[in-house]
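Engineer:
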Amino acid sequence: MKAVLCKAFGPAESLVLEDVASPVAKKNEILLDVHAAGVNFPDTLIIEGKYQFKPPFPFSPGGEAAGVVSAVGEKVSHLKVGDRVMALTGWGSFAEQVAVPGYNVLPIPPSMDFNTAAAFSMTYGTSMHALKQRGNLQPGETLLVLGASGGVGLAAVEIGKAMGARVIAAASSAEKLAVAKAAGADELINYSETSLKDEIKRLTDGQGADVIYDPVGGDLFDQAIRAIAWNGRLLVVGFASGRIPELPVNLALLKGAAVVGVFWGSFAQRQPQDNAANFQQLFHWFAEGKLKPLVSQVYPLSNAAQAINDLGQRKAVGKVVVQVR
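Spelled out as structure tokens, the structure:
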């Protein structure tokens, strides 16, 4: 089979496309014929050795995939050969086949195509877990989404609206904000032209945002925590800005606020029943048309390095997908 390989830590340009032996599914795994793979921010980190997981060389990046089950290990009972599924792989999806633990694989709705499915699991799984289990977002509350035009940000906008929140979307350009508006955002903040903190306070009559969804970190975190509501929850999702912020904890004390970590991958493994319930709700909203995943760019497997670069340089809106077959 063909696979995009990382043979040493380095930039995306160092990745190579080669023929390798197909993996064999273990007893608790399925073998997936990959049709499409999602591109996510961790892909930009894992190839440079900056992610919390460092697979042995050579490995393929790609943390999520969609395709058809080709083989099933003897300990997997909820899937069969021929099933259309989405899978959380961690890495390995930029290849024609990947072996995946059965607990990380879900059947996809009949109405969902493979490109959409490949763009769905990580972004919507992360954002649903963040807003439901970690943020306890309630109807009528104000949700602020930073980086609102990216994959997880757009998912958070849509899920927040489906949960009954008032959603403020923040992004760095008018073009990106237009995408968030189309996804249902009620208010918009262009933080390249105005003070994020001041605009949050203006749009909330000085009360602040009840829940803040932050996949960006850096300076935006510093401003956002200063405009959080009483009993607010700031969700730490990621650090796309490149800087991991430090928190003066008196700010949390003064607002009775919580700064809450979001790690969906571990949640999915530790609480599989809760994760499955989240996805049943997500699939229901998808069927109702409340969730409309935006796949803005599709790359062939041979151009996977370009896909990773475009995402890392924050050129993409919505989700980027590598089409494998």
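Residue numbers (the numbering used here): 96 to 420.
Glycine is no exception: its CB is placed at the ideal position from the N, C-alpha and C atoms.
1) Relative to the alpha-carbon of A269, which residue among G255, G185, N285 and L183 has its alpha-carbon at the smallest distance?
2) Give a yes or no on contact between the segment 221-236 and the segment 394-401, applying the rule of three or more CB pairs nearer than 8 Å.
3) Indicate the three-state DSSP secondary structure (helix, strand or coil) for T218 in the structure shown.
4) Are there three or more Cβ pairs, one per stretch, closer than 8 Å when the segment 297-313 is compared with the segment 323-336?
5) Does the segment 381-395 come close enough to the segment 406-416 that 3 or more CB-CB pairs lie under 8 Å?
6) By alpha-carbon positions, which one of F378, G407 and A160 ends up nearest to S206?
7) May I ask you to report which of helix, strand or coil DSSP gives G245?
8) Of the choices E191, E169 and M181, whose alpha-carbon is the least far from that of E113?
9) Is A132 helix, strand or coil when you go by DSSP?
10) Using DSSP's beta-bridge definition, name the partner residues of M96.
11) Following the continuous alpha helix (DSSP H) through G356, name the residue where it begins and the one where it ends.
12) Touching or not, the segment 144-163 and the segment 124-135, by the rule of three or more beta carbon pairs under 8 Å?
13) Going by DSSP in three states, T289 sits in which element: helix, strand or coil?
14) Mark T139 as exposed unless 16 or more other C-beta atoms lie within 10 angstroms of its C-beta, in which case mark it buried.
15) Can you round the beta-carbon distance between L174 and G197 to whole angstroms, since I take them to be within the 8 Å contact cut?
16) Report yes if the C-beta distance between I320 and L346 is below 7 Å; otherwise report no.
17) Run through the DSSP bridge pairs and tell me what G158 is partnered with.
Structural biologist: Looking at the atomic coordinates:
1) N285
2) no
3) helix
4) yes
5) yes
6) F378
7) strand
8) E191
9) strand
10) Answer is none; M96 lacks a bridge partner.
11) From DSSP, G356 is part of no alpha helix (DSSP H) but of the beta strand (DSSP E) over A353 to G356.
12) yes
13) coil
14) buried
15) 6 Å
16) yes
17) The partner list for G158 (beta bridge, DSSP) is empty, contrary to what the question assumes.
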